[in-house]
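Residue numbers (the working numbering), protein chains in the order written: chain U, 337 to 540; chain D, 337 to 540. By construction, the Cβ of each residue, glycine as well, lies at the ideal position given by its N, Cα and C atoms. Working notes, structure below.
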DNA sequence: TTGATAAACTTAACAGTGTTAAGTTAACTT
DNA sequence: AAGTTAACTTAACACTGTTAAGTTTATCAA
């Protein structure tokens, strides 16, 4: 059965080639201008061929974005391991989230604005392994540390995690979609937002 | 010149009819399913007719959304007038922003996710009158009040306004685009977010 | 080596989209 | 009544994602 395995590997390689070309096109042309036909042309294949490797456009785009999310998770795991004050870890993690979003606007758009229901309900999200789930859990663990060491006021870690997440998400999304906003320098605003939020939950 | 005025009025009325039908279709079918051709069919006209009244699709959709934004501004002005503690006013205003966004997801989507650069740069935004500008200024004024009465720490009102805005924006956007998120009850999260943020900027 | 089988890929089409140039009909003015 | 202008339509362009059906190519057994 050596030949079948070889074919499988070749198929896997071609899949990779599609992903890589798509990512390039996607970054070059941006979210709105990307199309399956353009991708096919760039690869020298007919558009239909791609459908033999990916269910549909969303499936392909999502695969690309999950690969980026994987890199983020790695960085986040790195921060968690550091021997730092949990609050400082949280600040780092939140600022990293913002930085990654701003540096990869197209990926971020796909990750949050196509396929509205890919992860399903909360239970489905938590049961099925995914990078998004692991990222969420990593964030939540840092928040938990802040609460357990009495640096944060007593509250539900899940709620606080979600609060932090939507806030930083808002900054990223606003910056990506309204290129002239915010008017305050983005780094300054990011710091103000993160510090403000943290202070809001810190014991004083 | 009575006849010309009459025609102008009729034209204005027809414009209104388009807006009203479009809004209905838009709310019924949602952001993704709306199309100029469907609208034209619903009105019993050819698609091209609409282009005699609106420059393009974005122009039409934006008109609809600005009308909703106008209602929001009215409510916001109402809150400002109330004889309340400025911090309480700010809390009310922010919660109202969230409420309006969640109750009008389709309008909110158009307002923030089509036509990325309609308002131009900061100077352009501040010079040209628009509902968006007035809303921003109303928010900023409440923030200013909080700082001037020494309830908030000393900081640039513009920066704090933007911080608050992007945070609440994030909650709305996340709720709209990911129907299964957040998992924490939306009202609870809205309160936690707003209270947390305010506490982060309050003197203690 | 030949014929059958299966995989890989393409053609052509469907059903849409926003938008515009050119043409037609209807209304008003002189 | 003839000319002008405004209102509206037809037909087309240039796209989009997606699929059913057909063709080519490669692998395998006889």
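Query, Result
"Presumed contact (8 Å Cβ cut-off) between residue 530 of chain D and residue 430 of chain D, rounded CB distance", "5 Å"
"Residue ranges of each alpha helix (DSSP H) within the region 416 to 502 of chain D, 4 or longer", "422 to 439, 441 to 449, 458 to 463 and 467 to 484"
"Proximity to residue 434 of chain U [Cα-Cα], best of U:526, U:534, U:354 and U:537", "U:526"
"Cβ-Cβ distance between residue 528 of chain U and residue 495 of chain D below 8 Å", "yes"
"Assigned secondary structure, residue 346 of chain D (DSSP; H/G/I helix, E/B strand, else coil)", "helix"
"Candidates U:510, U:523 and U:472: closest to residue 499 of chain U by CA position", "U:472"
"7 Å Cβ shell around residue 376 of chain U - same chain, five flanking residues per side excluded", "382, 383, 385 and 386"
"Cβ of residue 540 of chain D within 8 Å of any chain U Cβ", "yes"
"Rounded separation between residue 457 of chain D and residue 466 of chain D - CA only", "13 Å"
"Cβ of residue 422 of chain D within 8 Å of any chain U Cβ", "no"
"Cutoff 8 Å: residue 578 of chain U Cβ touching any chain D Cβ", "Outside the modelled stretch of chain U, which goes from 337 to 540, sits residue 578 of chain U, for which no answer is possible."
"C-alpha gap between residue 422 of chain U and residue 536 of chain U, whole angstroms", "16 Å"
"Inter-residue Cα distance where the pair is residue 362 of chain D and residue 389 of chain D", "18 Å"
"Within chain U, partners of residue 458 of chain D - CB distance below 7 Å", "516 and 519"
"Interface residues of chain D facing residue 510 of chain U [CB-CB closer than 7 Å]", "502 and 505"
"Pairwise C-alpha distance: residue 477 of chain D and residue 370 of chain U", "42 Å"
"Alpha helix (DSSP H) segments (min. 4 residues) lying fully within the region 368 to 423 of chain D", "372 to 379, 383 to 386 and 393 to 417"
"Cα-Cα separation, residue 505 of chain U to residue 373 of chain U", "31 Å"
"Residue 347 of chain D burial status per 10 Å Cβ neighbour count (16 or more: buried)", "exposed"
"Residue-level contact to chain D via CB, residue 524 of chain U, 8 Å cutoff", "yes"
"Within-8 Å CB hit, residue 532 of chain U to chain D", "yes"
"Check whether residue 416 of chain U and residue 425 of chain U have beta carbons under 8 Å apart", "yes"
"Any chain D beta carbon closer than 8 Å to residue 387 of chain U", "no"
"Nearest-angstrom beta carbon gap, residue 441 of chain U and residue 502 of chain D [assumed within contact, 8 Å]", "Actually they do not touch by this definition, with Cβ atoms about 15 Å apart."
"First through last residue of the alpha helix (DSSP H) which encompasses residue 537 of chain D", "522 to 537"
"Assigned exposure category for residue 540 of chain U - 16 Cβ within 10 Å defines buried", "exposed"
"Own chain partners of residue 406 of chain U with C-beta closer than 6 Å, once the 5 adjacent residues on each side are dropped", "467"
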